[in-house]
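*Asks:*
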Amino acid sequence: MVKVEQAYAFQIVRTARLMRLHFTRFAQREGFDISQEQWLILNKLAQNPGLSQLELGDSLIHDKPNITRILAGLEKKKLIQRRVDSEDRRIMRVQLTAAGKKIHAELSSRVAAERNVVQAGLTEADFAALMRVCRQLETNITQSFAGD
82 MVKVEQAYAF QIVRTARLMR LHFTRFAQRE GFDISQEQWL ILNKLAQNPG
132 LSQLELGDSL IHDKPNITRI LAGLEKKKLI QRRVDSEDRR IMRVQLTAAG
182 KKIHAELSSR VAAERNVVQA GLTEADFAAL MRVCRQLETN ITQSFAGD
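Each residue of the sequence shown is one higher than the last, beginning at 82 in our numbering.
What follows is the structure, encoded as structure tokens:
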């Protein structure tokens with residue numbers, strides 16, 4: 082039997098939780114009231130303006146209720162705006178507001194600098210290997226859903 086501490090899935094979950102906690106503390110220290118999930122959405126929208134709510138959820142692997150909750154929080158902070166698609170009223174398009182663009186611009190360079198702190202001692206080859214392993218795990222897992 083594999084000890085929990087030796088299981089790769091445990092280590093992935095543990096690292097993800099630590100990264101989320103680190104981001105929360107980092108954002109607070111920098112004076113931003115934003116969660117890691119909210120940052121990921123702001124960043125995704127900055128790179129892909131006008132994504133639909135469904136596209137955002139799918140690309141970030143969030144279920145509909147969770148993405149709706151996160152977007153509602155960002156909307157309440159006036160960082161995003163949701164609008165009905167002009168061609169298909171069933172689709173809700175999401176855009177950064179001026180305030181959302183400002184926060185994204187202000188936080189981007191700080192996040193990049195902090196990423197260097199977190200990734201100290203690791204090489205590009207380390208990250209290439211990590212990405213390859215994660216993508217293969219994701220492929221294997223999503224293929225296992227085919228029978229569901």
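For glycine and all other residues, C-beta sits at the position ideal for the given N, C-alpha and C.
Measuring straight from C-alpha to C-alpha, what distance separates E187 and L177?
*Replies:* Their backbone Cα atoms lie some 14 Å apart in a straight line.
*Asks:* For I148, count neighbouring C-beta atoms within 10 Å of its own C-beta (all shown protein chains included) and say buried if the count is 16 or more, exposed if not.
*Replies:* Flag for I148 reads buried.
*Asks:* Quick check: Q117 and F104, are their CB atoms within less than 9 Å of each other?
*Replies:* Their beta carbons are under 9 Å apart, which means Q117 touches F104 by this criterion.
*Asks:* Quick one: what's V175 bridged to in DSSP?
*Replies:* DSSP lists R163 as partners of V175.
*Asks:* Could you give the residue range of the alpha helix (DSSP H) that holds L141?
*Replies:* Note, L141: alpha helix (DSSP H), 134-141.
*Asks:* Helix, strand or coil for N129, going by three-state DSSP, please let me know.
*Replies:* DSSP places N129 in coil when its eight states are reduced to three.
*Asks:* Could you round the C-beta distance between G154 and Q109 to whole angstroms and report it? I think they count as a contact, below 8 Å.
*Replies:* Between Q109 and G154 the Cβ distance is about 16 Å, and since that is not below 8 Å, they are no contact.
*Asks:* Can R164 and R174 be called in contact, C-beta distance under 9 Å?
*Replies:* Going by C-beta atoms, R164 is nearer than 9 Å to R174.
*Asks:* Could you tell me if L137 is buried or exposed, where buried requires 16 or more neighbouring beta carbons within 10 angstroms of its beta carbon?
*Replies:* L137 should be labelled buried.
*Asks:* Applying the 10 Å Cβ sphere with the 16-neighbour rule, what's the burial state of G181?
*Replies:* It counts as buried.
*Asks:* With the cut-off set at 9 Å, would you say K125 and L135 are in Cβ contact?
*Replies:* Against a cut-off of 9 Å, the Cβ pair of L135 and K125 comes out as no contact.
*Asks:* By a C-beta neighbour count over all protein chains shown, 10 Å radius and 16 as the cutoff for buried, is L102 buried or exposed?
*Replies:* It is exposed - the Cβ of L102 has fewer than 16 other Cβ atoms within 10 Å.
*Asks:* In the DSSP assignment, find the alpha helix (DSSP H) that holds D207 and state where it starts and stops.
*Replies:* Note, D207: alpha helix (DSSP H), 205-225.
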